[in-house]
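Enquirer: So for the sequence shown, numbering that gives the first Met the number 0 puts the first residue at 0; every next one is plus one.
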Amino acid sequence: MLGYAAQRRALLLDCKGFTILIEDAVHRRPLRRIRSRISEVQDAHQETLALLRGLQPTRAPLRSSTVPPVLIEAQESASASAALDDSPSPTSALSASSIEVAEIDLPESLDPCSEPLEEATAAAATPAQSPLEALAAGLESYGNPLAEIPAEVFRANDIRGLVADQLTSEAMHAIGQAIGSEALERGDRDLMIGHDCRTTSPALAAALMDGIRSAGADVTDLGLVPTPLVYFACCQPTVSSGAMVTASHNPSDYNGVKVVLHGASAQSDELQGLRQRILVGAVATGRGGYQTADIIPSYCDYIERDVALARSLKVVIDCGNATASKVAPMLYRALGSDVIELNCDLESGLPERRSDPAAPEYTRDLGDLVVNQEADLGLAFDSDGDRLGVVDSLGRFIAADRVLMLLAADVLSRHPGTDVIFDVKCSRHLADEIRHAGGRPIMWRCGHASLKAKLRESTALIAGELSGHFVYRERWFGFDDAIYAGVRLLEVLSLDPRPSSEIFGALPGGLATPELALPLAEGEPARIMRAVMQLASRLEGVDVIRIDGLRAEFDHGFGVVRASNTEPKLTFRFEGDDAEALEKIQALFRRLMEKAARGLTMPF
């Protein structure tokens, strides 16, 4: 006989099953079969399921359960490239006078509330659990692996946490089974799986694949590859789901999963949906097939047949001794570049030196070698190959928003009137350059999944963010790919006889900081941002943008503060027309942060 507490937990879980069924019906998602803990509730679940199914349109049957065929070579996937919307129709009523800031509902944790600031800040110090978190906290008696995974591991754009502490092989198996179940319900039986060079990645990838197969889905193991190659593998005519085991630029004690479902990177609500599946046991069972494949030749061949450089460029490539080492040097040479390698020996395990191409301090050696070798350009890649850093011919770091000015102008020369999407940390001058080139600038939230989702719902053929993610939908598949973005940058530069330092030097820009970070304890960024967002209403003479944290626009610059999607920290960025303007903006933000959370040591 179960005790009262255990019965209460079981009843709460079973009641949550009704909520999930109703949410599926409301959002017109495939209805999930819920496993109940209490037999009497199971009958009610089945009756509810039958009633809701009667309200839904008939779904197409799943594809055959046979083991997936070997990867289709790029030259045979003409239908995939034909599906690209390379020339969208111009929009008739484009506004050229201002940036379009997309309207969204703020998450509860960041939404200004009506209660006094002092009370809100005190309450935020001990945040109330959501019903889902309260249920997860009581799952130990059922042996559910999710009970050992903190809720914060399911982040805005991917799954990411500390290995052994937050992510174990058992947890990855459960996550894999949830991914496999979701893919099957969307009609995808074949999933492409890759992993980065962290020492923990092979074992976690094996556990993830075993979990996917336990749902009855088939896996193709791509092995150690950059993240963009998993995305590329998911763009085949018969394959559109997969996962990459990586924690990107996070420290070596982290790992995680980037999830692709039916051709799109999973966002926060879909990742939470995976978590709900594990919570209530709404997973499929079976035994899927397994095979291995090498996607690198198909990826390189596709690009080589599409891109031609007008002249050979000498380029220094810094792969951070990580995954891009397997692809970038070989591909860039095949395109006719004179390649000089830096940190391109693929090591076993994540190198001690973190590869963060968005941070100028990580590109100093690259800049020195560019000058020493009299190279045309330097390119740096992060550890999983989806973020790009650029150094010009004088060895100077070029921020990603300035790189996007050049790349966007190139795309807009062929597709005037289309949108260009960028994140809230980018320069004010970027919007001006997009308008000058005939495009419409759209500011959006940070995060690769959010950026790609916004791209799909707009006319945009290119998007980018300050962290170094670049997304092309012109001649490409709409996913972030630093290796491909580097190729397109070489293509643009090869058409201009001027040195890259002169090309970038001609772009407008004020005095801007790089992204600045304030590490905090888990949960603190959300608590502090809640107070910051309340204080924002008291700012006078400032244009406040709230789509992702707080961006304050002044006459002579801007400042932004937001909670990171990948680590427990706040991030800042500032830009001013001159040093005096920059200091005034930073001083205002220091006062703002002191009121929001006393005692913080600002990184500026």
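Each residue gets a CB set at the ideal place from its N, CA and C atoms; glycine is no exception.
Values in this document were obtained by computation on a predicted structure and should not be read as measured data.
Counting pairs of Cβ atoms below 8 Å between the stretch 422-433 and the stretch 537-552, do you hit three or more?
Expert: Contact between the stretch 422-433 and the stretch 537-552 is present, because at least three Cβ pairs lie under 8 Å.
Enquirer: Name the DSSP bridge partner or partners of threonine 291?
Expert: Note: threonine 291 sits in a beta bridge opposite Asp220.
Enquirer: Roughly how many angstroms lie between the CA atoms of threonine 291 and arginine 212, to the nearest whole one?
Expert: Distance between the alpha carbons of threonine 291 and arginine 212 is about 14 Å.
Enquirer: Alpha carbon to alpha carbon, how far is arginine 332 from alanine 374? Give it in angstroms, no decimals.
Expert: So the alpha carbons of these two residues sit roughly 14 Å apart.
Enquirer: What separation, rounded to the nearest whole angstrom, lies between the Cα atoms of leucine 450 and glycine 463?
Expert: Spanning the two alpha carbons is a distance of roughly 8 Å.
Enquirer: Please classify glutamate 552: does DSSP put it in a helix, a strand, or coil?
Expert: If DSSP states are grouped into helix, strand and coil, glutamate 552 belongs with the strands.
Enquirer: Check whether the Cβ atoms of leucine 411 and alanine 430 sit closer than 7 Å, and answer yes or no.
Expert: No, the pair does not count as a contact, with Cβ atoms beyond the cut-off.
Enquirer: Compare the Cα-Cα distances from histidine 194 to each of Ala170, Thr167, Glu169 and Leu228 and report the closest residue.
Expert: Histidine 194 has its Cα closest to that of Leu228, out of Ala170, Thr167, Glu169 and Leu228.
Enquirer: Which partner residues of tyrosine 471 appear in the DSSP bridge assignment?
Expert: BP columns for tyrosine 471 point to Ile461.
Enquirer: With the cut-off set at 7 Å, would you say leucine 534 and leucine 591 are in Cβ contact?
Expert: Yes, they are a contact pair.
Enquirer: In whole angstroms, what separates the C-alpha of phenylalanine 603 from that of proline 359?
Expert: Taking the straight line joining both Cα atoms gives about 16 Å.
Enquirer: For valine 370, which residues of its own chain have a beta-carbon under 6 Å away from its beta-carbon, when the five flanking residues on both sides are left out?
Expert: Answer for valine 370: Gly394, listed in chain order.
Enquirer: May I ask you to report which of helix, strand or coil DSSP gives alanine 327?
Expert: If DSSP states are grouped into helix, strand and coil, alanine 327 belongs with the helices.
Enquirer: Can you tell me whether serine 536 is buried or exposed? The criterion is at least 16 other CB atoms within 10 Å of its CB, across all chains shown.
Expert: Looking at its Cβ environment, which holds fewer than 16 other Cβ atoms inside 10 Å, serine 536 is exposed.
Enquirer: If we call anything under 7 Å between Cβ atoms a contact, is leucine 270 one with phenylalanine 380?
Expert: Against a cut-off of 7 Å, the Cβ pair of phenylalanine 380 and leucine 270 comes out as no contact.
Enquirer: Using the rule of at least 16 other Cβ atoms within 10 Å of the residue's Cβ for burial, across every protein chain shown, is alanine 50 buried or exposed?
Expert: Checking the displayed sequence, the identity of residue 50 turns out to be leucine instead of alanine. Classification for leucine 50: exposed.
Enquirer: Which first and last residues belong to the alpha helix (DSSP H) in which serine 449 is found?
Expert: Its alpha helix (DSSP H) spans residues 447-455.
Enquirer: What number of angstroms, rounded off, separates the C-alpha of leucine 190 from the C-alpha of alanine 459?
Expert: Using only the alpha carbons, I get a separation of about 28 Å.
Enquirer: What runs of the beta strand (DSSP E), each 3 residues or longer, lie entirely inside the stretch 227-294?
Expert: Entirely contained in the stretch 227-294, the beta strand (DSSP E) runs reaching 3 residues are, in chain order, 240-244, 253-260 and 289-291.
Enquirer: With distances taken between CB atoms, is the gap from alanine 407 to isoleucine 461 smaller than 7 Å?
Expert: The answer is yes: Cβ separation under 7 Å.
Enquirer: Restricting to Cα atoms, I'd like to know which of Ala520, Arg487, Leu517 and Ile158 is closest to leucine 334.
Expert: Residue Arg487 is the option with its Cα nearest to leucine 334.
Enquirer: How would you call glutamate 39, buried or exposed, if buried means at least 16 neighbouring beta carbons within 10 angstroms?
Expert: Flag for glutamate 39 reads exposed.
Enquirer: Comparing alpha-carbon positions, which option in Thr512, Val402 and Phe476 lies nearest glutamine 235?
Expert: Nearest option by C-alpha distance: Phe476.
Enquirer: By Cβ distance, which residues of its chain are closer than 6 Å to histidine 447, with the 5 residues on each side in sequence left out?
Expert: Asn156, His468 and Asp479.
Enquirer: Using C-beta distances below 7 Å, list every residue in its chain close to arginine 597, excluding the 5 sequence neighbours before and after it, in chain order.
Expert: Excluding positions up to five away in sequence, the list is empty.
Enquirer: Grab the span of the alpha helix (DSSP H) containing leucine 569 for me, first residue to last.
Expert: Looking at the DSSP string, leucine 569 is not in any alpha helix (DSSP H); the run it does join, the beta strand (DSSP E), is 568-575.
Enquirer: Leaving aside the five residues before and after glycine 558 along the sequence, list all residues of the same chain whose C-beta is less than 6 Å from its C-beta, in chain order.
Expert: Once the five neighbours on either side are set aside, the close Cβ partners of glycine 558 are Ala551, Phe573, Ile584 and Phe588.
Enquirer: Roughly how many angstroms separate the alpha carbons of tyrosine 230 and glutamate 593, rounded to a whole number?
Expert: Their Cα atoms are separated by approximately 42 Å.
Enquirer: For glutamate 313, name the three-state secondary structure that DSSP assigns.
Expert: In the sequence under discussion, the amino acid at residue 313 is lysine, which differs from the glutamate named in the question. In the structure shown, lysine 313 sits in a strand (DSSP, three-state: E or B).
Enquirer: Sort Pro328, Leu378 and Leu345 by Cα distance to tyrosine 361 and report the nearest one.
Expert: When each option's Cα is compared against that of tyrosine 361, the closest is Leu378.
Enquirer: Considering only their Cβ atoms, is the gap separating glycine 280 from isoleucine 158 smaller than 7 Å?
Expert: For isoleucine 158 and glycine 280, no; Cβs fall outside 7 Å.
Enquirer: If I measure Cβ to Cβ from alanine 299 and keep anything under 6 Å in the same chain, skipping five residues before and after, which residues do I get?
Expert: Residue identity differs from the one stated: residue 299 is cysteine in this sequence, not alanine. Taken in chain order, the residues that qualify are Leu330.
Enquirer: Have a look at Gly272, Tyr471 and Cys196 and flag the residue whose alpha-carbon is nearest the alpha-carbon of glycine 179.
Expert: Considering only alpha carbons, the answer is Gly272.
Enquirer: Could you tell me if alanine 595 is buried or exposed, where buried requires 16 or more neighbouring beta carbons within 10 angstroms of its beta carbon?
Expert: The residue in question, alanine 595, is buried, as its Cβ has 16 or more Cβ neighbours within 10 Å.
Enquirer: According to DSSP, what are the bridge partners of histidine 44?
Expert: DSSP, once it has assigned bridges, lists no residue as partnering histidine 44.
Enquirer: Compare the Cα-Cα distances from glutamate 169 to each of Asp187, Tyr253, Ser267 and Ile277 and report the closest residue.
Expert: If we check each option's Cα against that of glutamate 169, Ile277 comes out closest.
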